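Accompanying notes for the structure given below.
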Amino acid sequence: MTKLIVGNWKMNKTSTEAAQLVQELSKIPSGVSVAICPPFTALDRCAQLLKGTPIALGAQNVYCQEKGAFTGEIAPDMLTDLGIRYVIIGHSERRSLFFETDELVNQKVKLAQQHQLIPIICVGESLEEREQNQTLMVIERQVTTALKDVTNANLVIAYEPIWAIGTGKTATPEIAQEVHHVIRQLLSKHFNDNTIHILYGGSMKPSNAAALLAQPDITGGLIGGASLVADDFLEIIRQAA
Ligand code: PGA
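Throughout the sequence shown, residue numbering follows numbering that gives the first Met the number 0, covering 0 to 240 in sequence.
Structure follows, in structure tokens:
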């Protein structure tokens with residue numbers, strides 16, 4: 000299965016800085032799918048620059064309504080109008096800092112799909128949940144609720160253990176594989192489809208990407224910090240190709 004590498008730039012890069020980084024991302028090898036998710040304010044400019052390149056564009060969030068009085072929110076149409084293909088939904092930072100629930104994630108997934116956006120649904124346990132042996136239960140709840148009444152398998156799941164995000168601590172390939180395998184089983188049961196991407200995220204970098212990507216149920220990566228450095232991101236892409 001062709002691997003999928005996605006850069007999540009989070010709240011980094013002005014539009015001008017984003018344009019510079021995009022220009023450094025040339026020479027993408029074939030045999031790998033690549034997307035970047037810059038902040039909203041840089042999407043239009045990045046869309047122009049990425050025309051005709053193999054790099055797809057994603058957004059970091061979307062709202063669960065079509066339009067209206069939702070100050071500060073972004074509707075799916077506003078994304079598709081720019082040619083955006085992916086949208087990250089339910090990142091742990093959205094869940095913990097902005098109180099997004101599994102139910103809201105589910106509403107966003109359904110509306111995004113109605114607009115032909117491919118949701119990248121993030122799930123992952125906290126350190127406390129892992130220490131209390133609740134990891135698989137939490138993952139199952141997050142995946143199952145996010146997919147309630149979802150029949151379209153055109154989506155991506157990203158497993159991002161919260162304790163590994165931005166901390167430099169990566170899940171070992173074995174720990175990640177165990178969870179990815181459970182997600183794979185949940186997806187097979189729900190959609191009868193074994194081709195859905197399951198990305199690993201959480202301090203993935205050039206030094207650990209190959210071992211993680213070698214696991215049978217890890218089909219790509221959602222990269223935060225390392226996607227902000229062109230050489231590092233390109234190196235991870237090469238390892239996935
Ligand atoms: P990180 O972030 O690679 O900086 O740990 C990953 C993410 O939060 O998507």
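Ideal placement from N, C-alpha and C gives every residue a C-beta, glycine not left out.
Here the structure is a predicted model, which means the values were calculated and not measured.
*In terms of DSSP beta bridges, what is Val-33 paired with?*
Ile-4 and Ile-54
_Proximity test, Ala-225 beta-carbon vs the ligand PGA heavy atom, cut-off 7 Å_ = yes
*Between the CA atoms of Pro-215 and Thr-143 - distance to the nearest angstrom*: 22 Å
*Near Val-280, what residues of its chain come up, given a Cβ to Cβ distance below 6 Å and the 5 sequence neighbours on each side ignored?*
Within the shown structure, residues of the chain are numbered from 0 to 240, placing residue 280 beyond reach of any answer.
*What three-state label does DSSP hand Ala-152 in the structure shown?*
coil
_Candidates Asn-132, Ala-74 and Glu-139: closest to Val-108 by CA position_ = Ala-74
*asked:* Which complete alpha helix (DSSP H) runs does the stretch 145-201 hold, if anything under 4 residues is left out?
replied: 172-190
*With distances taken between CB atoms, is the gap from Ala-239 to Val-31 smaller than 8 Å?*
yes
*Thinking C-alpha only, which one of Asp-230, Glu-128 and Leu-186 is nearest Thr-150?*
Leu-186
*Quick one: what does DSSP say Gln-104 is sitting in, helix, strand or coil?*
In the sequence as presented, Gln is not what sits at residue 104; that position holds Val. In the structure shown, the three-state DSSP call for Val-104 is helix.
*In angstroms with no decimal places, state the Cα-to-Cα distance between Val-181 and Ile-197.*
Rounded to the nearest angstrom, the gap between the Cα atoms of Val-181 and Ile-197 is 11 Å.
_Check this for me: beta carbons of Glu-124 and Ile-161, under 8 Å apart or not?_
yes
*Can you give me the Cβ contacts of Leu-110 inside the same chain, cut-off strictly under 7 Å, excluding the 5 residues immediately before and after it?*
Within the same chain, Leu-110 has close Cβ partners Cys-63 and Pro-75.
*Does the ligand PGA have even one heavy atom less than 7 Å from the beta-carbon of Glu-159?*
yes
*May I ask you to list the residues that DSSP assigns as paired with Leu-118?*
The question names Leu, but residue 118 in the sequence shown is Pro. Beta bridge pairing from DSSP links Pro-118 with Val-86.
*Name the residue from Leu-154, Val-178 and Leu-227 whose alpha carbon lies nearest to the alpha carbon of Leu-211.*
Val-178
*asked:* Can you tell me whether Ser-202 sits near the ligand ADP, meaning its C-beta is under 7 Å from at least one heavy atom of the ligand?
replied: What this structure holds is the ligand PGA, not the ligand ADP.
*Runs of alpha helix (DSSP H) wholly within the stretch 204-239 (minimum 4 residues, chain order)*: 205-212 and 229-239
*In this structure, does DSSP put Val-61 in helix, strand or coil?*
Of the three classes helix, strand and coil, the one that applies to Val-61 here is coil, per DSSP.
*Which whole-angstrom value describes the C-beta separation of Ser-202 and Ala-163, a residue pair presumed to lie in contact below a C-beta threshold of 8 Å?*
5 Å
*Would you decide whether Pro-37 is buried or exposed? Buried here means 16 or more other CB atoms lie within 10 Å of its CB.*
buried
_Quick check on DSSP: helix, strand or coil for Glu-72?_
coil
*Check whether the Cβ of His-90 sits closer than 7 Å to any heavy atom of the ligand PGA, and report yes or no.*
yes
*Which of helix, strand or coil does DSSP assign to Ile-138?*
helix
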